[in-house]
Ligand code: ADP
Ligand code: ASP
Ligand code: MG
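Numbering (UniProt numbering), first residue to last: 1 to 409.
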């Protein structure tokens, strides 16, 4: 029998009308005779009563004086509410269903509260319910340690729950339902003519997700890729096919994908550029800087090391600490806050001449200075001022014809 994992994100569950759409997708697959595991996120987004951000708001005034164990207990409530409400809706429709917490579903994690890793999934309990004909609803974003402590997997972690369950149950497909029509050529909140892609490889979407495309969590893609489970990202609110994510070789053999030079754009905001110029400074300047950042848990990015000094970026949150550390080492860093990192991503970029030229031309023509750049064989990154972000994304999107390129072979 076919087994499908469906995951519904917060906006898909936020109100009664949205939940009716969720029901429609579940009922369709159930009536087609497929076994179903349904993973749910907390309802709504920031400001909605049971959203994860709203739960965090409840403790904000306490100076975050909450042990990470208790914080995870609080955060796990949002998904619990979604699962129980969905279960009652299914029962009201006469569909047998059961809701399980991450722990009850057999998701065993380590004890890194707030960013726990899944160690193992014991599937017996889910399989028993499935063989009894029930739809199994599982709370996303959470698991349980071997000591019975509730853990959460990090923000956006319901996607990870879904693909990890898909891998453990050897599902035919994992359907990630969200509020857009699939994976688009850019974030539609920034580029209004961004288009849905019919298919992308695991590598490309992993790259997009790691570079800020929030539509799916990068760890979720890594798990699916390792297990070879296909994923489809699609809209809860329409019947469009969405975007199929699988191995590039699989897509090529089905004739539904070709190595595009540029597949899409992604971006990260609130980045600070730090520059330390080496005026006959110590020979081990680079080593001292990066050792200090590492030993204080500051994640660095966009690193350019030159004989004349070092340029790199840190997140806005880490900026005060990073600057203090540099000053403590006796350096006077140049600090440029309010930057954004734009990524131009394409599996077929390797060896294609002229991609950087298109980027430079598009940004120069719109008067946007490039503050730093770097490249790999599937991505070119540029650092720009955040105030230019919308214009830069739109110019690059157009320059690569992403608003027009036919997506199918
Ligand atoms: P969910 O609650 O369903 O998990 P998220 O807010 O986490 O939803 O992710 C969906 C959002 O991701 C979309 O509303 C969209 O604004 C954003 N997004 C960013 N980049 C992309 C992209 N390339 N394609 C589609 N959506 C994107
Ligand atoms: N509710 C969690 C969050 O907001 C998990 C998720 O939505 O994937 O981060
Ligand atoms: Mg999400």
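Just so it is clear, CB atoms sit at the ideal spot from N, CA and C, and this is done for glycine as well. On a predicted model such as this, the values are computed, not experimentally measured, just so you know.
>> Using a Cβ-Cβ cutoff of less than 6 Å, which residues in the same chain neighbour residue 320 once the five nearest sequence positions on both sides are dropped?
In response: none
>> Can you find the residues in the same chain that come closer than 8 Å, C-beta to C-beta, to residue 391, ignoring five residues on each side of it along the sequence?
In response: 366 and 368
> When we look at the beta-carbon of residue 169 and count the other beta-carbons within 10 Å, is it buried (16 or more) or exposed?
Replying inline: Its Cβ being crowded by 16 or more others within 10 Å, residue 169 is buried.
>> Nearer than 7 Å: is that true of the beta carbon of residue 186 relative to any heavy atom of the ligand ADP?
In response: Proximity of the beta carbon of residue 186 to the ligand ADP is indicated: a heavy atom of the ligand is located closer than 7 Å.
>> In whole angstroms, give me the CA-to-CA distance for residue 48 and residue 59.
In response: 16 Å
>> I'd like to confirm something about residue 213: is its beta-carbon nearer than 7 Å to some heavy atom of the ligand ADP, or not?
In response: yes
> What residue from 209, 297, 165 and 340 has the CA that sits closest to residue 105's CA?
Replying inline: 165
> So who's on the other strand from residue 196, going by DSSP bridges?
Replying inline: Paired residues: 184.
>> Does the distance between the C-beta of residue 378 and the nearest non-hydrogen atom of the ligand ADP fall short of 7 Å?
In response: no
> Is residue 140 near residue 7, with beta carbons less than 8 Å apart?
Replying inline: yes
>> What would DSSP say about residue 296, mapped onto helix, strand or coil?
In response: It is coil, neither helix nor strand.
>> Distance check for residue 263 and residue 309, CA to CA, integer angstroms please.
In response: 34 Å
> Between which two residues does the alpha helix (DSSP H) harbouring residue 43 extend?
Replying inline: First-last for residue 43: undefined, no H or E at that position.
> Between residue 235 and residue 178, which are expected to be in contact by the criterion C-beta below 8 Å, what is the C-beta distance as a whole number of angstroms?
Replying inline: About 7 Å separates the beta carbons of residue 235 and residue 178, which is inside the 8 Å limit, making them a contact pair.
> Using DSSP with H/G/I as helix, E/B as strand and the rest coil, what is residue 302?
Replying inline: strand
> Measuring CA to CA, which of 292, 301, 306 and 173 is closest to residue 329?
Replying inline: 292
>> Can you confirm whether residue 243, when its beta carbon is compared against all beta carbons of chain C, has any partner nearer than 8 Å?
In response: Reference to chain C is not applicable here, since this structure consists of a single protein chain.
> Leaving out five residues before and five after residue 375 in sequence, what residues of the same chain have Cβ atoms less than 8 Å from its Cβ?
Replying inline: 356 and 381
> Cβ-heavy atom distance between residue 222 and the ligand ASP below 7 Å?
Replying inline: no
>> Quick check on residue 122: does DSSP put it in helix, strand or coil?
In response: coil
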